[in-house]
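Residue numbers (my numbering), protein chains in the order written: chain A, 167 to 442; chain B, 167 to 442.
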């Protein structure tokens, strides 16, 4: 669905796009006790930007954040097939199933499989949904990325962006859907970019498809971009390609690990534009 | 537990604190169809600041935000009895129960009662938990505040702050716990402040108890404070009174309705400091 290796104006030297990066497993630091791993003092910042398909009051994308029972946070993003009310019901069902299981301590991969089985059982394979889970797991001291989505994810360090685009099927397609799981240590400078296929399809109507890889590369060249700036830039780039009338729901999640310089206060902010 | 009428340096003329404000019910605009009410173009901004009790890795406070199935968002905040791991398990159970029900379309008051009954049944009245739900309900076009918490809430318009301190019992105390429900229209300029009792108890150790009413009043005198600035200021004020070693978990939620001036993008950001 996306060819991250293609660039419009020749190779971009700062970008290291690999289409089929194998899951970047590192040695797990999970212990059998509930004692947490030693993590360097960092702050994880997560930003979300989300817009509905043009002239649609319901978004087929659902995103929720949930606290993990053994420490940390998970962001769960699902995109139900088609758009509007039916798609919303499907993506809400998937996200609800997943966050319910995560809150009980179920591991991310098992939660994704359970949601797929539940969707397949209910809809008999007729309705599918993509799923991405971004977890900051303080028990294992790692970031765990779970993907059932043909759209790729990006893992960036410094000015290098790795495109994780290993084949991945959405939930509900068959009885044995497996997620692609990527796990990495929580370390300062790490940036994760996850999005739904609305971003991939942006601009196709006009024959100018979005090149997420290129946009992310140019964002990384800027001076220490905040995750909200990155999410907003990616979304506004996609919207411009659709003449500010998005052809599909678009959701972008950017997670960034920075050195811990401030206080120990956890913060969350939500901005919800309503009416029009 | 708190005397909002008391001020240290005499009456503050800009503040209109009423101790026993009756629930500010206005005529409901709920229709029986799923068609949404007409809401003026506004943006709802919600900010959260949350800190653990000093030297405690687990917070007894749990806060989650959930999308409402008929449009809007709910922020659910619970504070389990005592602090540490046991309190965390209780507040997580309560929040999980409530957001599960809200996501199914259950109304806020019924969700609070259900969570109370579940807690009472499981713990036989031995363990209690406070609960606050702040909902932006796009179906009814209102903000619905549900409170099972002796700590008051504040509803501010312009430079006036009403202290809602009607008697309210925590969940799990008996079989027929009723929440105090306050509903108001979504209108620009409205500010809601909700917090757990950690804020109320701040400074008691040193004999200088926090006067939330006074701090909120002085914040409202500032030029258009953002909800995050308000939440941060309230929390940092409380922490200073405890010599930056909070005697209890403290969570502050500030909701502000502003005129809709920007794009239609929904945004969320999370900041999670970890390690130390």
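All C-beta atoms in this analysis are idealised placements derived from N, C-alpha and C, irrespective of residue type, glycine included.
Check, Outcome
"Residue 421/B to residue 320/B, Cα distance in whole Å?", "10 angstroms"
"Taking Cβ-Cβ distances shorter than 8 angstroms, what residues in chain B pair up with residue 304/A?", "440"
"Alpha carbon to alpha carbon, how far is residue 383/A from residue 372/B? Give it in angstroms, no decimals.", "53 angstroms"
"Measure how close the beta-carbons of residue 299/A and residue 350/A come, nearest whole angstrom, since I'm counting them as under 8 angstroms.", "Wrong, their Cβ atoms sit about 14 angstroms apart, outside the cutoff."
"Can you list, in chain order, the residues of its chain with a C-beta nearer than 6 angstroms to that of residue 375/B? Leave out the 5 residues immediately preceding and following it.", "369"
"Based on the DSSP output, what are the partners of residue 323/A in its beta bridges?", "326/A, 356/A"
"In terms of alpha-carbon separation, which member of 294/A, 263/A, 425/A, 225/A lies closest to residue 232/A?", "263/A"
"Name the two residues that bound the continuous beta strand (DSSP E) containing residue 259/A.", "Residue 259/A -> not in any beta strand (DSSP E); alpha helix (DSSP H) instead, spanning 251-269."
"Any C-beta of chain B sitting closer than 9 angstroms to the C-beta of residue 258/A?", "yes"
"Below 9 angstroms on C-beta distance, what does residue 312/B contact in chain A?", "The premise fails here: residue 312/B is roughly 18 angstroms from chain A at the closest Cβ pair, so nothing lies under 9 angstroms."
"Helix, strand or coil: which one does DSSP assign to residue 297/B?", "strand"
"In terms of residues, what are the limits of the alpha helix (DSSP H) holding residue 205/A?", "It is not in any alpha helix (DSSP H) - residue 205/A carries neither H nor E in the DSSP assignment."
"Can a CB atom of chain B be found closer than 9 angstroms to the CB of residue 195/A?", "Confidence at residue 195/A is low in this model, with a pLDDT of 40, below 50, so its placement is unreliable and the value that follows should be read with caution. No, residue 195/A lies away from the interface with chain B (no Cβ there is under 9 angstroms from its Cβ)."
"Does the Cβ of residue 207/A have 16 or more other Cβ atoms within 10 Å, making it buried, or fewer, making it exposed?", "exposed"
"By alpha-carbon positions, which one of 432/A, 440/A, 404/A, 394/A ends up nearest to residue 434/B?", "394/A"
"Flag this pair as yes or no: are the beta carbons of residue 355/B and residue 303/B separated by less than 9 angstroms?", "no"
"Residue 301/B CB to nearest chain A CB: under 9 angstroms?", "no"
"Against chain B, which members of the segment 394-408 of chain A pass a CB distance test of less than 9 angstroms?", "394, 397, 398, 401, 402, 405"
"Please confirm if residue 319/B has its CB atom under 9 angstroms from at least one CB of chain A.", "no"
"Do residue 366/B and residue 427/B come within 9 angstroms of each other at the CB atom, strictly closer than that value?", "no"
"Rounded to whole angstroms, what is the Cα-Cα separation between residue 333/A and residue 293/A?", "19 angstroms"
"Alpha carbon to alpha carbon, what distance is there between residue 429/B and residue 214/A?", "14 angstroms"
"Under the assumption that residue 325/B contacts residue 387/B (Cβ atoms under 8 angstroms), give the Cβ distance between them as a whole number of angstroms.", "6 angstroms"
"For residue 345/B, which beta-bridge partners are listed by DSSP?", "In the DSSP output, where bridge partners are listed per residue, residue 345/B has none listed."
"With distance defined between alpha-carbon atoms, name the residue in 401/B, 341/B, 346/B nearest to residue 362/B.", "401/B"
"By DSSP, does residue 439/A sit in helix, in strand, or in coil?", "strand"
"Across which residues does DSSP place residue 419/A in a beta bridge pair?", "214/A, 360/A"
"According to DSSP, residue 314/A sits in a beta bridge with which residue or residues?", "297/A"
"I need the DSSP call for residue 403/A, collapsed to helix, strand or coil.", "helix"
"Please list, in chain order, the chain B residues whose beta carbon lies closer than 7 angstroms to that of residue 234/A.", "Near residue 234/A there are no residues of chain B at all, since even the closest Cβ is about 10 angstroms away, more than 7 angstroms."
"Could you please give the first and the last residue of the uninterrupted alpha helix (DSSP H) stretch that includes residue 281/A?", "274-289"
"What distance in whole Å lies between the Cβ atoms of residue 267/B and residue 255/B, which are believed to be in contact at a cut-off of 8 angstroms?", "Residue 255/B to residue 267/B, Cβ: 19 angstroms. No contact."
"For residue 273/A, return the contacting residues in chain B, with the cut-off set at a CB-CB distance below 7 angstroms.", "Within chain B, no residue comes near residue 273/A; the closest Cβ sits about 18 angstroms away, beyond 7 angstroms."
"Measuring only the C-alpha atoms, how far is residue 234/A from residue 240/A?", "7 angstroms"
"Of the residues that make up the segment 418-434 of chain B, which ones have a beta carbon closer than 8 angstroms to any beta carbon in chain A?", "426, 428, 429, 430, 431, 432, 433, 434"
"Rounded C-beta distance between residue 424/B and residue 288/B? I'm assuming under 8 angstroms.", "That pair is no contact at about 41 angstroms."
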